[in-house]
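From first to last, the protein sequence lines are chains L and S.
Heads up: the first sequence is residues 77 to 645, going by the numbering used here.
Heads up: the second sequence is residues 73 to 260, going by the numbering used here.
Worksheet for the structure shown next.
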Amino acid sequence: MRMLGRVAVSMTAATIGFSIISAAVAADETKPATLYGDMSSVTQDMLNRAGHDGNDFLLTNGNYWQQRFYPNRQINRDNVAGLRPAWIFQTDVTESMETSPLVVNGVMYVTTSFDHVYALNARTGEELWHYQQKLGPITTYCCGPNNRGVALYGDNVYLATLDAKLVALDAKTGKVKWETQIANPEEGYSETMAPTAVDGKILIGTNGGEYGIRGFVKAYDAKDGHLIWTFYTIPEKNEGVWAAQDATGRDMHRDIAAEKANLAKAGDLYKRLGGGVWQNPSVDLATRRIYFVVGNPSPDLDGAARPGDNLYTDSLVSVDLDTGKYVCHYQYIAHDVWDLDAVSPTVLAEAKDADGKIVPVVMEAGKTGHVYVNNRKDCSLIRFSEAMVPQEDMWSLPSAKGTRMLPGANGGVEWSPMATNPFLGLAYAINLHQPMTYTVTSAPYPNGKLWLGGAFAVIPTEAQWGNITAVDYNTGKIRWQVKTPQPMIGGVLATAGGLVFTGEGNGRFAAYDSATGSRLWQFMAGAGVNAPPSSYTVDGKQYIVVAAGGNVQLNYRRGNAIIAFSLAE
Amino acid sequence: MWRVALALLTLGWSVTGVAQTQTVEQKAAACAACHGEKGVPVDKAFPVIWGQHQGYLFLQLRDFKAGARKNDFMQAVVAELSRDDMMALAEYFSKKPWPDLRQKSATDAEAAVANRVNVSIGCTGCHLGQYQGDATVPRLAGQQHDYLLKSMRDFRSRARANNPGMTDLMKATAEADFEPEANFLAGH
């Protein structure tokens, strides 16, 4: 099923002005380099300056601050109408694509579902090499066999796999240099996120909040894969402060007296309390801290099994980059029983605090539909944005018969990364509106199996839709919104050309005016565009690139394409 | 069940033990008594295991042995199997071709119900497009109709309790939808 036939198309390429490259062309060969690019090493200095690099795209979310703001303005508001496909590369895997393409020195690295990696000539889409991870028989993952991309460091490409391994590949050949087992997939651990490379370390979180894992972020040595430190997202003492209200001050209707009474009987909760980390941490090189968000507690909807605040689930967490030691945290939702957790990657910025003073902040777009702005110094909340999607009956508790509450459990904002424009002070988030009912049941820990503690079911008779929302992060006000016909999942890219790029499940990939939200250009990709776009420049020409592979979670039309766009000559 | 026990006896496989010297093919031969010589089960209530995913088959054997999945006969069959035996058997059957049971395709009305159920609880979020499954998630497309129906009901009632996530999802689904869903999957 997943290895659909390769399609070699060449006849029409010249006539329609772009090339379609089949994965079959060079699947069995590797080439050491492109004609122009030499795949030179990715140095720490290059990574430190990635946000100002108008040629490469070196980190999953653009730079260590994860701003997804590309500084080249060759493609801009005035000429974006002339954007057209430069090339299309068809991968071997027709299944959900969430990859963030990385580009260094004219070479692009992309991934697919089931952990394939391709190195491509970024000018032409020609395949340089193809690596397929031989997955073990046991993989346990929620929400599709996705992969969100690789990390680049030195002469290596780093991949994290569905069977919970970290693999280092030779960037020139795609050959394995080393691999290490991160955690046991039979216990519900898996990897879909891209690693982050920084100062000789490869940082990686884990999936598994739907399977009763104990979440973590780990740092491995980039050279040989030995473990440097582990930060568990679930501390042994995790009951917290028994918060009655969420970050926005709304009552969560907890029966705290009953929870306290149950605490002694709960046993070693920390061993199976969930707390996955789905997306890359942001890195503050000045303070040598990283910031990431921690996902839902296990089981998702049954709070009776897990009294207390369930720290650090549904939280922003900062730890020391060099040691992995705890620095600070802020919990958005204590004792979550809706799976309205925190999964979209954190973004660093400088923004006004409550007194109007510019301070270093860290932002996160929640499934609740709020963008939260926290102080980087102590993780404290500065503000939260206006709700980007309808919120109704928050926080009604899940029930045996099912309770309708909005947002639905996919958000608000899912794992999709935001983009920001620091000159406009705007953060761009894509949202889902999916009315759902929340049901609760109780079952004992099922030994690494799906453990939801209930169900969140879409109400088929109610309309679903999505939106792209620009939030002023200095005020929390919504600057503009564009409604889309389907819930949004994938990611956003902003550029210095005054543009915002994002895609939809129906295949539309579009450019919007970053100041107003006006749609300036679109392309129908034929499959869901549910991955974050990147941009790069080679030989003086800027490209926008994105994967069109659809999405498992929302069942959007599948495809297998990486599509690069440039301005018509 | 007596037919099955008789078949096993004729194959010389005592349900109380598996000779350590047997190859995986020899061990697998006993499974054919129920699951079919050519992968077509001998009874409509028995699942197709030919071409099923290795991880899923292994976890079911593991759960039968641990008692997490209840079935007197299967629990007796796996009692003496080691983890390596179970993994080897799972691999062996996963590499066999999926049999064509020639089950009829669903009607448009049944397919519409299945689509609505999928929108509601997201079946293809785990079982993937075309319900082919992967690794520890079973293929549903073309599985035996009666087995599919029984599985949905057993998950719902907790008679099958080794996947509480599936229990939750089946509880969130109207029981009247199970029959059209089974028809849809069996004929898919």
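Note that beta-carbon positions come from the ideal geometry of N, C-alpha and C, so glycine has one too.
What you are looking at is a predicted structure, and each value in this text was computed from that prediction instead of being measured.
When you compare the CB of residue i with every CB in chain S, is at least one pair closer than 9 Å?
i	result
Asn606 (chain L)	no
Val534 (chain L)	yes
Gln27 (chain L)	With chain L running from 77 to 645 in the structure shown, residue 27 (chain L) is simply not present.
Gly581 (chain L)	no
Phe307 (chain L)	no
Leu502 (chain L)	no
Gly566 (chain L)	no
Leu238 (chain L)	yes
Ala100 (chain L)	Note that Ala100 (chain L) scores 44 on pLDDT, short of 50, meaning its location in the model is unreliable and no value can be drawn from it.
Met79 (chain L)	Caution is warranted here: a pLDDT of 35 is assigned to Met79 (chain L), below 50, making its placement in the model unreliable, and no coordinate value can be reported.
Pro375 (chain L)	yes
Glu267 (chain L)	no
Glu335 (chain L)	no
Measuring only between beta-carbons, confirm whether residue i sits less than 9 Å from chain L.
i	result
Glu182 (chain S)	no
Val191 (chain S)	yes
Leu212 (chain S)	no
Arg188 (chain S)	yes
Met224 (chain S)	no
Lys99 (chain S)	no
Lys243 (chain S)	yes
Gly123 (chain S)	no
Asp135 (chain S)	yes
Ala140 (chain S)	yes
Gln126 (chain S)	yes
Ser166 (chain S)	yes
Could you check which residue in the options has the C-alpha nearest to that of residue i?
i	options	result
Leu377 (chain L)	L:Arg290, L:Thr517, L:Leu123 and L:Ala320	L:Thr517
Thr282 (chain L)	L:Asp322, L:Ala236, L:Ala273 and L:Glu255	L:Ala236
Arg149 (chain L)	L:Phe599, L:Val576 and L:Asn582	L:Val576
Thr537 (chain L)	L:Ala570, L:Val489 and L:Arg480	L:Arg480
Lys267 (chain S)	S:Lys142, S:Ala151, S:Lys168 and S:Arg174	The question about residue 267 (chain S) has no answer here: the residues shown for chain S are numbered 73 through 260.
Glu174 (chain L)	L:Arg153, L:Ala270, L:Val183 and L:Phe133	L:Ala270
Leu569 (chain L)	L:Arg144, L:Pro483, L:Leu123 and L:Ser456	L:Arg144
Thr496 (chain L)	L:Asn523, L:Asn550, L:Thr389 and L:Pro522	L:Asn550
Asp218 (chain S)	S:Thr239, S:Glu253 and S:Ala101	S:Glu253
Gly646 (chain L)	L:Thr249, L:Cys404, L:Ala380 and L:Ala362	There is no way to answer for residue 646 (chain L), as the model of chain L reaches only from 77 to 645.
Leu129 (chain S)	S:Ala181, S:Ser166 and S:Ala244	S:Ser166
Ile366 (chain L)	L:Leu134, L:Gln407 and L:Lys453	L:Lys453
Which residue marks the beginning of the alpha helix (DSSP H) containing residue i, and which one marks its end?
i	result
Asp218 (chain S)	His217 to Ser229
Asp412 (chain L)	Run containing Asp412 (chain L): none; DSSP gives neither H nor E here.
Leu339 (chain L)	Ile332 to Leu339
Arg188 (chain S)	Asp180 to Ile193
Glu163 (chain S)	Arg155 to Ser166
Glu251 (chain S)	Phe250 to Ala258
His107 (chain S)	Val96 to His107
Gln557 (chain L)	No alpha helix (DSSP H) holds Gln557 (chain L); the beta strand (DSSP E) holding it covers Ile554 to Thr560.
Tyr128 (chain S)	Gln126 to Ala138
For residue i, return the contacting residues in chain L, with the cut-off set at a CB-CB distance below 8 Å.
i	result
Phe130 (chain S)	Pro213 and Ile214
Asn234 (chain S)	Pro522 and Lys525
Met159 (chain S)	Pro213
Residue i touches chain S at which residues, Cβ-Cβ below 7 Å?
i	result
Ala219 (chain L)	In the sequence as displayed, the identity of residue 219 (chain L) is Cys instead of Ala. Those within 7 Å of Cys219 (chain L) in chain S are Gly197.
Leu528 (chain L)	Gly237 and Asp240
Ala259 (chain L)	Correct list: empty, because the minimum Cβ distance to chain S is about 15 Å.
Under DSSP, the beta strand (DSSP E) around residue i begins and ends at which residues?
i	result
Glu315 (chain L)	Careful: Glu315 (chain L) lies outside any beta strand (DSSP E) and carries neither H nor E.
Arg584 (chain L)	Arg584 to Asp589
His199 (chain S)	Note, His199 (chain S): premise wrong, no beta strand (DSSP E); alpha helix (DSSP H) at Thr196 to His199.
For a contact defined as C-beta to C-beta under 8 Å, what are the partners of residue i on chain S?
i	result
Gly350 (chain L)	Going along chain S, no residue has its Cβ under 8 Å from Gly350 (chain L), so there is no contact; the nearest lies around 13 Å.
Ala531 (chain L)	Ile193, Asp240, Leu241, Lys243 and Ala244
Gly478 (chain L)	Ala244
Using 8 Å for Cβ pairs, my map puts residue i next to residue j. What's the rounded Cβ distance?
i	j	result
Ile193 (chain S)	Ala533 (chain L)	5 Å
Val180 (chain L)	Leu228 (chain L)	6 Å
Gln510 (chain L)	Asn486 (chain L)	6 Å
Ala162 (chain L)	Tyr619 (chain L)	6 Å
His411 (chain L)	Met328 (chain L)	7 Å
Val226 (chain L)	His192 (chain L)	Contact flag wrong, Cβ pair sits at about 11 Å.
Residues of chain S with CB under 9 Å from residue i, in chain order?
i	result
Pro511 (chain L)	Chain S residues near Pro511 (chain L): none, gap ~11 Å exceeds 9 Å.
Arg634 (chain L)	Gly201
Thr515 (chain L)	Asp240, Lys243 and Ala244
Given that residue i touches chain L, what residues does it touch there, using C-beta distances under 7 Å?
i	result
Met146 (chain S)	In chain order: nothing, as chain L lies at least about 17 Å away.
Thr208 (chain S)	Ile214, Thr215 and Thr216
Using a Cβ cut-off of 9 Å, pull out every chain L residue sitting near residue i, in sequence order please.
i	result
Ala254 (chain S)	Ordered by position in chain L, no residue passes the 9 Å Cβ test against Ala254 (chain S), which lies about 19 Å from the chain.
Ala162 (chain S)	Pro213
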